[in-house]
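Working notes, structure below.
Residue numbers (the numbering used here), protein chains in the order written: chain D, 242 to 359; chain Y, 242 to 359.
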């Protein structure tokens, strides 16, 4: 099992991975996987990503407890993007919002939408 | 209106943009925007992307007719990913499938799921 099996990483060896809530359908976040993160996600059933700033692989929710149980995983037609359908424990965003996508385009500005911070 | 307004492109000046069907909630594709594609998307209300292979900005569906009317647009917490909620005309994928994410992880393999090719 490796990224090279149908998955085409970028020059840095990374693939974008979209996490979508399997219960609500909401897109929660986008992060990156390297080969190790992909292998760990497959092996454990929980989403692992690669941090480009910390240059290390990490388990989502390892410190916060806001883990993502992977229910289904897809790749796109050209194999350069992963889609995870997950069960999210707690909020996905580090701001404690349900989703990282909470800034909406309105009248040529980005407006923070009203939603509970958990 | 520019990408630099809250949006943080990568070193190549690009931002990943996820297109989600506003009617079904299905994630249809992921592509890239540069500043011009973002401006055109805002100006026209239809999704425009940047092709890394052709090195040019393009309107999704310009030749196929499979355009994407943008209903809502979001950015994520760190401003480096865009989420488009769109009304998709026809199939989103160049394979004429509804979504580009039609290969599912099953028993350590990627399996093409059964769905109509339109």
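Ideal placement from N, C-alpha and C gives every residue a C-beta, glycine not left out.
Against residue 344 of chain D, the close residues of chain Y are 247, 315, 316, 317, 318, 320, in the order they occur along the chain (beta-carbon pairs closer than 9 Å).
Residue 333 of chain Y: not part of any beta strand (DSSP E); DSSP gives it neither H nor E.
Residue D:261 holds the alpha-carbon nearest to the alpha-carbon of residue 330 of chain D among D:261, D:257, D:254. Residue-level contact by beta carbon fails for residue 285 of chain D and chain Y, as no gap is shorter than 9 Å. At a cut-off of 9 Å, the C-beta of residue 324 of chain Y has a neighbouring C-beta in chain D. Rounded to the nearest whole angstrom, the CA to CA distance from residue 307 of chain Y to residue 338 of chain Y is 11 Å. If you check the CB distance, residue 321 of chain Y and residue 345 of chain D do not come in under 9 Å. Proximity to residue 286 of chain Y across D:348, D:357, D:352, D:354 peaks at D:348, based on C-alpha coordinates. Membership of residue 280 of chain D in the alpha helix (DSSP H) is indicated by the continuous run 276-285. Apart from sequence neighbours up to five positions away, the residues of its chain that approach residue 251 of chain Y with a beta-carbon distance below 8 Å are 321, ordered along the chain. Only those residues of the segment 251-269 of chain D whose C-beta falls short of 7 Å from the nearest C-beta of chain Y are listed: 257, 259, 261, 266, 268. Neighbours of residue 351 of chain Y across chain D, judged by C-beta separation under 8 Å: 246, 247, 316.
If you draw a straight line from the Cα of residue 279 of chain Y to the Cα of residue 353 of chain D, it is about 19 Å long. Residue 357 of chain Y sits in coil when the DSSP states are folded into three classes, being neither helix nor strand. In this structure residue 249 of chain D is in contact with residue 319 of chain D, their Cβ atoms being roughly 7 Å apart against a cut-off of 8 Å. Contact between residue 289 of chain Y and residue 282 of chain Y holds: CB atoms are separated by about 5 Å, below the 8 Å threshold.
Taking a beta-carbon distance threshold of 9 Å, residue 271 of chain Y counts as an interface residue toward chain D. In the structure shown, the three-state DSSP call for residue 315 of chain D is strand.
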